[in-house]
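To keep things clear, I will list the structure first and then write my remarks on it.
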Amino acid sequence: MTEAMKASTERAQDAPGQWVDTGQGRARARLAARTRHPLAWLNSALSRRRGVNTDRPVPTGADDVLQRLAEMPLSVWTYGFDHPSVRHMGPMAQDFAAAFGLGSTDRRIAVADANGVCMAAIQALYRRLVELETEVAQLRSAREEL
1 MTEAMKASTE
11 RAQDAPGQWV
21 DTGQGRARAR
31 LAARTRHPLA
41 WLNSALSRRR
51 GVNTDRPVPT
61 GADDVLQRLA
71 EMPLSVWTYG
81 FDHPSVRHMG
91 PMAQDFAAAF
101 GLGSTDRRIA
111 VADANGVCMA
121 AIQALYRRLV
131 ELETEVAQLR
141 SAREEL
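With my numbering applied, the sequence shown covers 1 to 146.
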């Protein structure tokens, strides 16, 4: 693990729920992307993808992600090519893009973005669970003292 990665990891642990800017090696990452995934990079460059157009800023932390996720509408649908008994459930891509401002289009949800949103929300829920468990333990000990 490089020194920059160690420092980034330490910063992430010092500020739970806050984003850590790991963009220091962005030029190196772009060069690596061009060499490792040339077709994906070429497609992105030719289509001039610049991210979704939304006035909503990117979430600032895990709690913000959790709040936006809780407010996002979920739908149930069947694709035209599926059998009528097959159903899918989740957010519409347009709602996801409007809520989080992530991705290169509002026509589909990138797996990396969906996974990142889920992981951030899980972290926020875990922190809330730990706080509640601590509070319950304190209340139990106070009750036992009575």
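Even for Gly, the Cβ is constructed at its ideal location relative to N, Cα and C.
With contact defined as three or more Cβ pairs closer than 8 angstroms, the segment 136-143 and the segment 76-92 are not in contact. When the beta-carbon positions are compared, L74 and L125 stay at least 8 angstroms from each other. Secondary structure note for S85: it is in no beta strand (DSSP E), with a DSSP letter that is neither H nor E. Taking each of G103, S141, F100 and Q123 in turn and checking the Cα distance to D63, the smallest one comes out for Q123. Between P59 and R68, the CB-CB gap stays under 8 angstroms. Counting other Cβ atoms within 10 Å of its Cβ, F81 stays below 16 and is therefore classed as exposed.
For S75, the enclosing beta strand (DSSP E) has its first and last residue at S75 to W77. Counting along the chain, T134 sits inside the alpha helix (DSSP H) bounded by residues V111 to E145.
D106 and A99 do not touch by the CB rule: their CB atoms are close to 11 angstroms apart, not below 8 angstroms.
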